[in-house]
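If you're matching positions, the sequence shown starts at 1166 in this note's numbering and goes up one per residue.
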Amino acid sequence: MYQNNEEKGAATITNHLVKGGADSQIIAQYAELAGNNASVLSSYREAEKYYRIAFDNLGINYPDWQRVSFLLERLGECTRINGEFEEARHYFTQALEIHFNHRNISSVESKQEAQVQAMLLWEIGVTWYSQGETVQCRDYMERASQLLIDADLMTGIVWAKIKLQQSYVLWREGNYNQTKETANTALNMLYEVLDNQEIETKNRSYLSLSKRALEQNSVDVVRIYTLLCNVEASSGHVKEALLYLNKALSIAERYNSQREIAIISCNMGDLYLRTADYSQAQAAFRRSLSIAEIIGDLLLEMFNKLNMGIVDTRTGNLSEAVKEIEEVADLNKKINDQSLVCIIYNYLALAFLEKGNIKSSKEALYLALLNGRKTRMVIYTGLSLVILGYLRLVQSRRSKIEKQIDENCIENKKTLIKAKKTFKHVLELEGIEAETKIESRLGLSEALLQLGDIEGAYIQACQALEEANFFELNWLIARSQHALGNVFAIKKEHYEAIECYESALKFISKSSMRLYHGRILRDYGLFLLRLYRISEIEFHKGREYLNESARIFESSDAELDLEESNHYMTTYCLEAGKNPGNTK
């Protein structure tokens, strides 16, 4: 049945051999074939199962040490993808020790051996990176590089992999220009390898790099294009990012690399998030999650679930968002990815803040800041600081409603000054994402407006609008127009305020961002209520907008926003001698 296609039938054969108590070497032979086939199909849990059967049947002291090393490396790769990082490092380290113990054997070709050892060091570094430990990752990349230099090797697949991983570290650290330079170096190296791949494929020994990589060199090209997409997206260039991602997808689909397709789908969802196309984003994340669950990639599962929580935060499904992000936080306890801790608790803090739960938001943000300082990744700590700034703005708003204080209260002023300093600090950081910078400008504009610096607030809102337009970030265009509307309202420039509020509503209505829609309606309605002495029509329109904002906030579980809408409705309607109407 499997005479001409043993690898595809290897899993079934292995299971029969194991049940029948066959010779260990025969079981190992078919189990290894089954593991290779499962790896090519991105079925990593299945691959791990069969590689483990092969290894257990040969044992650590099997005479063909190169084969044992190969199996340990494959086990390391599978367990890393499955989120078992400590176990993965143990396998890679065991494989490396085997090579060190046999390094003086004359039959081993020295340059080939150096490349395999460098590959194993690279694997250990990648495993550290998967846990967000960029310092350890960089150390192992340097060790691998030095080993190749000592062997007088300056090109090849391992160098390309090292350059690619160094690019990822640079990206995480916010060094986008150097990331692109290093990634393109890796890309050129990879294409050179692919041009010469036919020569290498003739060598099928366990020291053969093509055998150890299971002919996945083209997948590394996919990863470079995906990384370049991430760099462009972080810089705010969504169209350029999409071009790279489509190149990556074309190659991944050609080779049916399910894991890379899942990663690309996740990145595609991120691009849709940035352009506020939330239905498309959710569809992309669901596709990616479905594949991740099938192939057993726990880290990718977590990223997709986290992203779905971010979508729910943006669209006002706050209770669902908190539930999803807390689930990811629990999953991360199994793998202990430090960088992911920072991301998870950033967005959990934001979801709680949108709900008006300041206490829980502060607790989550503390964990995000703590882990952000440990990992020293500015793209994450920058976001933490933006959320901290907004938390202080929310504290100020809550104080004014609960204590009936005004902007001149010393305690409230101190809170606003802290918010201002936080946003200014973010704008001074190098390597933060374009979105983070724009959000910081909008927060700074609000803080300055509350502190009475109307001109400063206007400048920041204008800069935010200019940058949001440049990067075509519609949801931030709407928020910038909203911020300008608030500035013009304070300046009593009524025509300009109405124009900005209407523009903001036009942009936001194209998305599903209920919370921001409600906030624009609330501030626009409040502005119109203040005009009750000028126009009865505007007063009724303002009351209608405030009522609508309250309904949105109630359906979103945004407690503080709902409280504000009701407070303003009651205050201004009573002042005008009107019935507040239904504010529930």
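For each residue, glycine too, the CB sits at the ideal point set by N, CA and C.
Item	Value
Residue of LEU1286, ILE1544, ILE1552, LYS1539 minimising C-alpha distance to LEU1513	ILE1552
Cβ pair count under 8 Å reaching 3, the region 1540-1554 against the region 1335-1346	yes
First through last residue of the alpha helix (DSSP H) which encompasses LEU1616	It is not in any alpha helix (DSSP H) - LEU1616 carries neither H nor E in the DSSP assignment.
Cβ neighbour criterion (16 or more within 10 Å) applied to ASN1395	buried
Euclidean distance between Cα positions of GLU1363 and GLU1357	With a pLDDT of 49 at GLU1363, under the threshold of 50, the modelled position of that residue is not reliable, and the figure given next carries that caveat. Cα to Cα, the separation comes out at about 12 Å.
Endpoints, the alpha helix (DSSP H) within which THR1350 is located	1341-1360
Where MET1467 falls: helix, strand or coil (DSSP)	helix
Beta-carbon proximity of THR1440 to ALA1413, cut-off 8 Å	no
Distance between LEU1613 and ASN1575 (C-alpha atoms, nearest Å)	First, the amino acid is wrong: residue 1575 is Ile here, not Asn. Whole-angstrom Cα-Cα distance: 15 Å.
Cα-Cα separation between PHE1468 and SER1453, rounded to whole angstroms	10 Å
Pairwise C-alpha distance: ASP1385 and ASP1502	23 Å
8 Å Cβ cutoff met for PHE1588 and LEU1616	no
Simplified DSSP state of ALA1514, which is helix, strand or coil	helix
Nearest neighbour of PHE1450, chosen from ASN1266, MET1473, LEU1436, ALA1187 [CA to CA]	MET1473
Minimum length 3: unbroken beta strand (DSSP E) runs contained in the region 1698-1724	none
Meets three-Cβ-pair contact criterion under 8 Å: the region 1240-1254 and the region 1276-1284	no
Own chain residues within Cβ distance below 6 Å of ALA1260, not counting five before or after	SER1234, LEU1237, GLU1238, LEU1285
Residues of its chain near GLU1604, where Cβ-Cβ distance is below 6 Å and the 5 sequence neighbours each way are ignored	VAL1551
Neighbourhood of TYR1710 by C-beta, 8 Å cutoff - its chain only, sequence neighbours within 5 removed	LEU1686, ARG1687, TYR1689, GLY1690, LEU1693
Supposed close pair ALA1348, LEU1312 - CB separation, criterion 8 Å	The pair is not a contact, with the Cβ atoms about 22 Å apart (cut-off 8 Å).
Residue span of the alpha helix (DSSP H) that contains CYS1574, given as start and end	Careful: CYS1574 lies outside any alpha helix (DSSP H) and carries neither H nor E.
Beta-carbon proximity of ILE1717 to PHE1672, cut-off 8 Å	no
Exposed unless 16 or more other CB atoms sit within 10 angstroms - verdict on GLN1625	buried
When PHE1517, SER1721, LEU1534 are compared against ILE1508, the one with the closest alpha-carbon	LEU1534
Length at least 4, wholly inside the region 1583-1655: the alpha helix (DSSP H) runs in chain order	1599-1615, 1619-1635, 1639-1655
Local conformation of LEU1379 per DSSP, three classes	For LEU1379, the predicted structure reports a pLDDT of 43, less than 50, and the residue's modelled location is therefore unreliable. A value from the coordinates is still provided. Correct three-state label for LEU1379: coil.
Where ILE1225 falls: helix, strand or coil (DSSP)	coil
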